[in-house]
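**Student:** Those protein sequence lines, which keep their order, are chains A and B. Residues 414 to 614 (the working numbering) are what the first sequence spells out, left to right. Residues 414 to 614 (the working numbering) are what the second sequence spells out, left to right.
There are 2 protein chains.
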Amino acid sequence: MQTRKEELTAALIDYLLEHGLPELSLRPLAAALGTSARLLIYHFGSKEGLLAAAMDAMHAHLRSSLQALADAKMAAAAKPLRWFWDWAIAAENFAYMKLFYELQMMAVRQPETYGTFLQGNSLGWLELAKRFMPDDDRDTAMASLTIAVFDGLFLEMVATGDCQRTTAALDRYIELVEQARLHRANTTSKPRHASTRKQGT
Amino acid sequence: MQTRKEELTAALIDYLLEHGLPELSLRPLAAALGTSARLLIYHFGSKEGLLAAAMDAMHAHLRSSLQALADAKMAAAAKPLRWFWDWAIAAENFAYMKLFYELQMMAVRQPETYGTFLQGNSLGWLELAKRFMPDDDRDTAMASLTIAVFDGLFLEMVATGDCQRTTAALDRYIELVEQARLHRANTTSKPRHASTRKQGT
DNA sequence: GTTTGCATGTAACGAACGTTACATGTAACG
DNA sequence: CGTTACATGTAACGTTCGTTACATGCAAAC
Chain A
414 MQTRKEELTA ALIDYLLEHG LPELSLRPLA AALGTSARLL IYHFGSKEGL
464 LAAAMDAMHA HLRSSLQALA DAKMAAAAKP LRWFWDWAIA AENFAYMKLF
514 YELQMMAVRQ PETYGTFLQG NSLGWLELAK RFMPDDDRDT AMASLTIAVF
564 DGLFLEMVAT GDCQRTTAAL DRYIELVEQA RLHRANTTSK PRHASTRKQG
614 T
Chain B
414 MQTRKEELTA ALIDYLLEHG LPELSLRPLA AALGTSARLL IYHFGSKEGL
464 LAAAMDAMHA HLRSSLQALA DAKMAAAAKP LRWFWDWAIA AENFAYMKLF
514 YELQMMAVRQ PETYGTFLQG NSLGWLELAK RFMPDDDRDT AMASLTIAVF
564 DGLFLEMVAT GDCQRTTAAL DRYIELVEQA RLHRANTTSK PRHASTRKQG
614 T
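1) Counting Cβ pairs, one atom from each stretch, are 3 or more of them under 8 Å apart for the segment 443–463 of chain B and the segment 422–432 of chain B?
2) Is there at least one Cβ from chain A nearer than 9 Å to residue 563/B's Cβ?
3) Return the Cβ separation of residue 437/B and residue 453/B in integer angstroms, given the expectation that the two are a contact with Cβ distance under 8 Å.
4) Counting only beta-carbon atoms, is residue 436/A nearer than 9 Å to chain B?
5) Mind pulling the chain B residues with CB within less than 9 Å of residue 532/A?
6) Use the C-beta contact count for residue 527/A: other C-beta atoms within 10 angstroms, 16 or more gives buried, fewer gives exposed.
7) When you compare only the Cα positions, how much space is there between residue 558/B and residue 521/A?
8) For residue 604/B, I'd like the list of residues in its chain whose CB is within less than 6 Å of its CB, leaving aside the five on either flank, ordered along the chain.
9) If you measure beta-carbon to beta-carbon, which residues of the segment 568–579 of chain A are closer than 9 Å to chain B?
10) Against chain B, which members of the segment 545–563 of chain A pass a CB distance test of less than 9 Å?
11) Helix, strand or coil: how does DSSP classify residue 462/A here?
12) Provide the residue span of the alpha helix (DSSP H) that contains residue 618/A, from first to last.
13) Going straight from the alpha carbon of residue 591/A to that of residue 496/A, what length do you get?
14) Three or more C-beta pairs closer than 8 Å, one from the segment 553–570 of chain A and one from the segment 555–573 of chain B: is that the case here?
15) With H, G and I counted as helix, E and B as strand and the rest as coil, what does DSSP make of residue 531/B?
16) Note the first and the last residue of the continuous alpha helix (DSSP H) segment covering residue 565/B.
17) How long is the line joining the alpha carbons of residue 477/B and residue 441/A, rounded to whole angstroms?
18) Just how far apart, CA to CA, sit residue 607/A and residue 586/B?
19) Thinking C-beta only, is residue 568/B closer than 9 Å to residue 514/B?
20) For residue 410/B, go through chain A and note every residue whose CB falls closer than 9 Å to its CB, in chain order.
21) Start and end of the alpha helix (DSSP H) containing residue 427/A?
22) Counting only Cβ pairs nearer than 7 Å, list the residues of chain B close to residue 582/A.
23) Just to confirm my understanding: we take residue 583/B, look at its own chain, exclude 5 residues before and 5 after, and list those with CB closer than 6 Å. What are they?
24) So the alpha helix (DSSP H) residue 450/B belongs to, where does it begin and stop?
25) May I have the straight-line CA-CA distance separating residue 576/B from residue 419/A, to the nearest angstrom?
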């Protein structure tokens, strides 16, 4: 059992959550963790191995935390987007999500460096979103829009820290979607049409 | 007249648009521009001065290009968000916008390095958005949401390059907002701010 | 013709980078 | 006790970083 490596990984995650990926350097990191660059290479093999361990731990944390949320809330029947938002901006998840988005950004310009750490494709959200959407909104355009709303607001939250304004904007979006569904139910009995729809249900 | 410095700045911009900010290094840059690191420092004073010149040029380009768009489209009467989107994903602006968003990202983690180059606050879009929104939608939540939709879809466009899907999602958002306004007009006789409405979303 | 000032080339500086070689400690196991 | 395997410290490797010192070219100004 490599308790030392696991200890280091945990501390490494904390360091990354605070300092971010692009400015990561072995010696300052080692100093902060109370060890040496030598030991980091010893335990993780290389800087890339170190990043891989950190990204794995980040993904594991996000996956399990999100799964716990899904299990807890799946039974209920309203506003999954709002739960997801509340979960994402909660203190224990926010830094992880921030780091995750940072990874996505880095992967755009330096895919050979950071693309490795993107598990699955960035569209993993798409299927997740569709799974939680009401049937009559479960088309690609609506799912893409919903994800974009989440992404845009989350990044605005990251940039400004204005939780109140971003959350209010999200609620406005939810309100818009619900109004549209009600309006649709009142005026027509058929499910909606779409502009350029690849996949609807 | 420093034609040499201006030439270098133009070439520098092209290089930055392609390679991005975080991996910028003087020697590879100089090699690509057919000059030397020595000359870059000579002309721009320092790497920071070089970045400042580039960011100034980028801001100037975005500002003038956006102003041209506004002048051309202000007279018409529909869907400024859609114009803005088409403008942003147009070939001659896309890389600039991408670089601009990249700068915003970098500034979050390293404000002392990149925050300098953020002219004005990141909420500059907010006022711009409100200016173009119909009067009865001109509240902060709606403006924040609209910007988030734009940001989220643009970054999705950057990450995936899927112009069709992201544009369809934007159209869906516009449709949602218009439906909501129609619904509001039908159910209540008075809009929130009874005012002349000249533009759509 | 000499001086002045901008532009450029060569070479190096000191620092930081990821990584490695090598020796040493320590504790379990035979 | 001796071996073995993991853990750690010291020191350096070679490279790249931004930056600088110094010399030189070259055109205009005096």
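Virtual Cβ for every residue (Gly too), placed ideally from N, Cα, C.
**Tutor:** In short:
1) yes
2) yes
3) Not a contact, Cβ separation roughly 11 Å.
4) yes
5) Chain B residues near residue 532/A: none, gap ~15 Å exceeds 9 Å.
6) buried
7) 25 Å
8) Low confidence applies to residue 604/B: its pLDDT is 47, below 50, so where it sits in the model is not reliable, and the reading given next is rough at best. Cβ neighbours of residue 604/B beyond the five flanking positions: 549.
9) 568, 569, 571, 572, 573, 575, 578 and 579
10) 552, 553, 554, 555, 556, 557, 558, 559, 560, 561, 562 and 563
11) helix
12) What is shown of chain A runs 414 to 614, which leaves residue 618/A out entirely.
13) 16 Å
14) yes
15) coil
16) 553–573
17) 42 Å
18) Confidence at residue 607/A is low in this model, with a pLDDT of 45, below 50, so its placement is unreliable and the value that follows should be read with caution. If I take the Cα positions, the gap works out to 12 Å.
19) yes
20) Since the displayed chain B opens at 414 and closes at 614, residue 410/B lies outside it and no answer follows.
21) 416–432
22) 554, 557, 558 and 561
23) 498 and 566
24) 450–457
25) 43 Å
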